[in-house]
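Notes to accompany the following structure.
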Amino acid sequence: MSKSQKKKMATSREVYHRIIWDVRLDSSAFVVGFQERLSSTGIREKPLAQWVTDGDIPWHRIRYIRCGDVVVWDREQHLDLISSGELPAAAWKSETRENLGEKVVTILDSTAIFTPRPVYKYDIQGWQVDTQKAAAVNLETLAIATFNVLCDLYEKEKIATEKRLPAIIDQLRECNADIIAIQEATPALLELLLSQNWVRNYYISESSTAATVRPYGNLLLSRLPFTLVEHQFSGHKRVLVGSCEINGRLLHIAVVHLTSDYAQNALEKRQQQLATIIGYLQKLPGNSLIAGDFNTRGNEQEQILMGAGYIDIWQQLHPDAAGYTFDPQRNTLAALMSLKGIPVRLDRILLRSPNNDWQAQSIHLFACEPLAGTEGKIYPSDHFGVRAVLKFAKSFPASALSTVRPVYQSAVVVIPPDNVLPAIQTIRQRYDARVERWMAHINLLYGFLPESYFAEAVEIIAPALAQIQPFQITLTDFQTFTHRKSSTAWLRPVVQPENALHELQAVLENLFPQCNEQSSKTKAGFTPHLSVGQFPSEEAAFTELPQWHPVSFTVDSIALISRRGDEPFAVRYIVYLGQGGSELGELVKQLEPALTPAQQLQRDTVLEVVTQGCAECLGFQPSLELLGSARLGVQSPASDLDVVCVIPTYVSGETFLTSVQQRLQGLCRTQLILNAQVPVLRLQLEGISLDLLYARIENYQLARKTPQNLDPTSLKAIVGCWEADVITEVVCQYVSLDTYRQLLRTVRAWAKARDIYSNTWGFLGGFSWALLCAFCCTFDKKLETSIEKLLANFFQILHHHDWQRAIALTDVGRQYQVQSPRDWLPIVTSIKPCQNTARNVTCSTAQILHREFARGATLTQQILAGQEKWTALFEPIELHQESEIFLILNVSNQDNHELEKCCGILEGYIIGLIIQLEQLGVFVRPWTGIQKMQNTARVVLGLHLVADCESTTIEQLARDFLSNRIQNSGVRIQLAIVYDSLSAYPCS
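And the structure:
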């Protein structure tokens, strides 16, 4: 070997520092041999760990370094096994604990706190916190990839990170996964990743600040919107858990990088980390994936994983294949980083699907080849990536339209906007023989269904496209298709994000699989193009076509087009991408907004504070069960939090609440109410109101099956949780949970606009509306039903319902015996003893509700027919115009606390006054809520009097009602009956 061909050898100083500071190497195993004139051999040895770096012996006197009997560095022989990665096994630290088959008992940890984190999405202002509620999506297949990309904290000079980073990005793009889990991501990788156009189609767990990947960390990318939490095991060791809703079922994805064998007690640490992760995931409903670098050798974690119901997808599909993802014998970077030089399968994807919703379809490795131009020495990483494809086993109900034969008189297309058409049409009018028949377009599906099926097709398409965001197309240059005797010229669309147009076409083709000509007629698959003319040859096309200047436009909709007879194609329907095209959706967002991530994080923080307070009182981590809108997932910024803490039966509930109040004193405002039917601790923290109840339960799961064994107070507290769970279980058999939530939000917004949302005032409370929405969903078994159609069905069903029959979700509820006149609107709970949730509805308010259902049925029909706008349905009711006479009750007190107590009494008993007025033959239109101004509160009841009813009788009845209930001497009561208008009678 010539001098120029000799490998560069590390100096003795470099070798020493490598051995001392590399945590993987056992420095006590090395011995230094150095020149010593007084020695008989001229060489003297000493343990390397005892070498003094700034001592009397200079570095150049070191002749060799050995490990045991093996010389690993020799100056004269030009030997350097350390730099070449050929150290003997004795050089490396042994595993702290060999896995010799002994059983390690692992206790699942469900008490660890997982903290909410923001998710980021790209928009025109760059990468921003995603403030939209994570919407549900429908998919038949899901691709997930995991890749440990190798940070450059160690061996930086040898792993060529500057070359690897672009290769890593290319590998991630080419694997085309819906969900990507990355380990050992660095700020440099994140910066490069966020600059990629294709990544802009993903949601991501980190922003450009790279706060959680310094010096390295985990990342989660997903084409599907998701929520995110994390748990931090140590300074830089954390797990991410993203949750999304697919096909009406939750899927949770944990991104893991468990402790490696470099650390002490590595096996125990991995077991504890895995126990924490699984303990958390087991508390969540739905399905779970765990993906990442497990640092696992063999089946050391098999016991805990199998016990929790997880399937290792590689073992399931390739039981006889090794599947090494860390292979020192093949990958030079793995050889450099390896402790033992033994190939292992460190990277895995695990699936837990209790109801077999998802089934593993395929799994393979990627990033398995060295980079070009590196002589096979540099790979993208020391690990290979893993990509799996899951199939949704419970496939969507087959659409009746899937058997309709496509025709060539219809298509689904992208049509450029008017501002870019002139340049295109000028060329087409000269060269395109079909310019009169076709508008300028890009085909997505052709042929398509006959026009007579378009309305049904739109119902199927709209929900799917609502999950796809608008994207950019640039018509860049001319291309040609060459036929046997001619050539077609077309404009080439370049898309940002890169795959957006292909994904749009694939979604549509999945909905109508028989309309697959665009993807199947050539080996190249779907080739988007905008045709501009026909020519004798390719040469003629490029010779005759004028110079083209690229034009760009946004694709925010698709068009269903058809031609009738010899007429040209015309647009029949337009379906919008994203949420921008839904008038109803935008309206509901304004009237009944969902929580922003910041608001959700604030509520989660409040819950954590309360949970910690309960834990300190009980001495263990309790289970806190959400009630109401929070449990159903339809909270709005105005919603309060209602929580039930499950405590042991040997604990006194009142003592517990008192103890929590004392524990939280100073952190928040508290009010303890022990004389209510269900004792409650009311808390005000960070602007959030929270009611804490208790339920004394020994076994939560068993208690639901045998509720009769609970004490009455605990049953009243916890039954609301179970009732909400029944709603969720029932609706998911018919529509997706997200669809139900959209319907419920819409109905709540409508009911509030029409002033009929209040159990206290004789109308329906939140739980009654939730039951009605669930009941109406059971009439529709199509997963893809639009929210507009569901809302119209809601009104039709309730308008035509026989109210002598109970509305209920369960057999036991349907057995409820309706009693007249008490049950004007029997909307019944699902668990024994079943009760009417609408018991406060009176004769007057029942009539008002029936009129509103009829109005909604009429208006929604008109809206769907294009005769009205959705704003008409949500038009606020003019209560001043609903009645001719108004009974006004004014209560005032200089003490605001006393005034609040009076308001509570009024709200608690007002339904009694309404019923007494009805007994006189008066029709009552309550105004929901109490109007407050300074030190005065006002109640207004609109009245319609019968001929023989005197106003003085009504006034005396109301005065007696107030005086019997409000006896505080400091309270001033005013009572009046006003005719025609309230403008002259302000709250004073």
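Per my numbering, residue 569 is the first one in the sequence shown, and the count goes up by one each step. Heads up, the beta-carbon is just placed ideally off N, CA and C, and yes, glycines get one too.
Nearest residue (CA-CA) to residue i, options the options
{"i": "ASP1370", "options": "ALA940, ILE910, LEU1278, VAL1386", "result": "VAL1386"}
{"i": "LEU904", "options": "GLU723, GLN883, CYS1289", "result": "GLU723"}
{"i": "PHE1121", "options": "GLY941, ASN987, SER1220", "result": "ASN987"}
{"i": "ALA834", "options": "GLN869, VAL809, LEU857, ILE814", "result": "GLN869"}
{"i": "ARG1171", "options": "ARG581, ALA1414, ASP1208, LEU1332", "result": "ASP1208"}
{"i": "ASP746", "options": "GLN1189, VAL1228, LYS959, GLU1452", "result": "LYS959"}
{"i": "SER790", "options": "ALA756, SER763, ILE750", "result": "ILE750"}
{"i": "TYR1262", "options": "LEU1251, ILE1286, GLN1239", "result": "ILE1286"}
{"i": "SER978", "options": "LEU989, MET1007, ILE992", "result": "MET1007"}
{"i": "ALA859", "options": "TYR848, VAL809, TYR830, THR1274", "result": "VAL809"}
{"i": "ALA1515", "options": "PHE1491, ARG1527, ALA1001", "result": "PHE1491"}
{"i": "HIS1051", "options": "SER930, GLU1107, ILE1126, ASN706", "result": "GLU1107"}
{"i": "LYS908", "options": "ASP895, ARG920, SER1204", "result": "ASP895"}
{"i": "LEU1033", "options": "VAL705, CYS1471, SER1519, ILE881", "result": "VAL705"}
Bridge partners - residue i, DSSP secondary structure assignment
{"i": "ARG1250", "result": "GLN1239, ASP1259"}
{"i": "PHE715", "result": "ILE750"}
{"i": "PHE1121", "result": "ILE1041"}
{"i": "PHE602", "result": "ARG612, ILE630"}
{"i": "LEU796", "result": "ARG685, GLY810"}
{"i": "CYS1213", "result": "LEU1192, TYR1262"}
{"i": "TYR1141", "result": "LEU1128"}
Classification of residue i by the beta-carbon crowding that lies within 10 angstroms, buried from 16 upward
{"i": "HIS799", "result": "buried"}
{"i": "ARG1540", "result": "exposed"}
{"i": "MET1501", "result": "exposed"}
{"i": "ARG916", "result": "buried"}
{"i": "ILE1010", "result": "buried"}
{"i": "HIS820", "result": "buried"}
{"i": "SER1326", "result": "buried"}
{"i": "TRP627", "result": "exposed"}
{"i": "ILE1416", "result": "buried"}
{"i": "PHE1188", "result": "exposed"}
{"i": "GLU666", "result": "The predicted model places GLU666 with a pLDDT of 32, which falls under 50 and marks its position as unreliable; any figure quoted below should be read in that light. Per the 10 Å Cβ criterion, exposed."}
{"i": "ASN1243", "result": "exposed"}
{"i": "ILE1029", "result": "buried"}
{"i": "ILE1215", "result": "buried"}
{"i": "ASN769", "result": "buried"}
{"i": "ALA1376", "result": "buried"}
{"i": "LYS837", "result": "buried"}
{"i": "ASN1267", "result": "exposed"}
{"i": "ILE1241", "result": "exposed"}
{"i": "ALA1544", "result": "exposed"}
Residue i - DSSP class collapsed to helix/strand/coil
{"i": "VAL583", "result": "helix"}
{"i": "GLN871", "result": "helix"}
{"i": "GLN1499", "result": "strand"}
{"i": "TYR690", "result": "strand"}
{"i": "SER790", "result": "strand"}
{"i": "ASP1172", "result": "helix"}
{"i": "GLU663", "result": "Confidence is the limiting factor: at GLU663 the pLDDT is only 38, short of 50, which leaves the residue's position unreliable and the question unanswerable from this model."}
{"i": "ILE1399", "result": "coil"}
{"i": "TRP1392", "result": "coil"}
{"i": "GLY1381", "result": "helix"}
{"i": "ARG913", "result": "coil"}
{"i": "THR804", "result": "Here residue 804 is His; the residue named in the question, Thr, does not match the sequence. It is coil, neither helix nor strand."}
{"i": "PHE934", "result": "strand"}
{"i": "ASN1267", "result": "coil"}
{"i": "ASP925", "result": "coil"}
Is the segment 1102-1118 close to the segment 1045-1062, with three or more CB pairs under 8 Å?
Enough Cβ pairs lie closer than 8 Å, so yes.
Whether or not the segment 1333-1349 and the segment 1360-1367 are in contact is what I'm after, with contact meaning three or more pairs of Cβ atoms, one per stretch, closer than 8 Å; do they touch?
Yes, since at least three Cβ pairs between the segment 1360-1367 and the segment 1333-1349 fall closer than 8 Å, the two stretches touch.
Do the segment 1244-1256 and the segment 1217-1226 meet, that is, are 3 or more Cβ pairs less than 8 Å apart?
Counting Cβ pairs under 8 Å, three or more are found: they touch.
Between the segment 1403-1416 and the segment 1481-1488, do at least 3 Cβ pairs fall closer than 8 Å?
Taking 8 Å as the limit for Cβ pairs, the verdict is that the segment 1481-1488 does touch the segment 1403-1416.
Examine the Cβ distances between the segment 1302-1315 and the segment 812-827 and report whether three or more of them are shorter than 8 Å.
Judged by Cβ distances under 8 Å, the segment 1302-1315 makes contact with the segment 812-827, as three or more pairs qualify.
Specify whether the segment 1327-1339 and the segment 1378-1397 touch according to this definition: at least 3 beta carbon pairs, one from each stretch, less than 8 Å apart.
Taking 8 Å as the limit for Cβ pairs, the verdict is that the segment 1378-1397 does touch the segment 1327-1339.
Pairing CB atoms from the segment 844-853 with CB atoms from the segment 678-693, are three or more of them under 8 Å?
Flag = yes, the segment 844-853 and the segment 678-693 touch.
Counting pairs of beta carbons, one from the segment 1089-1106 and one from the segment 943-952, are three or more of them closer than 8 Å?
These segments do not touch.
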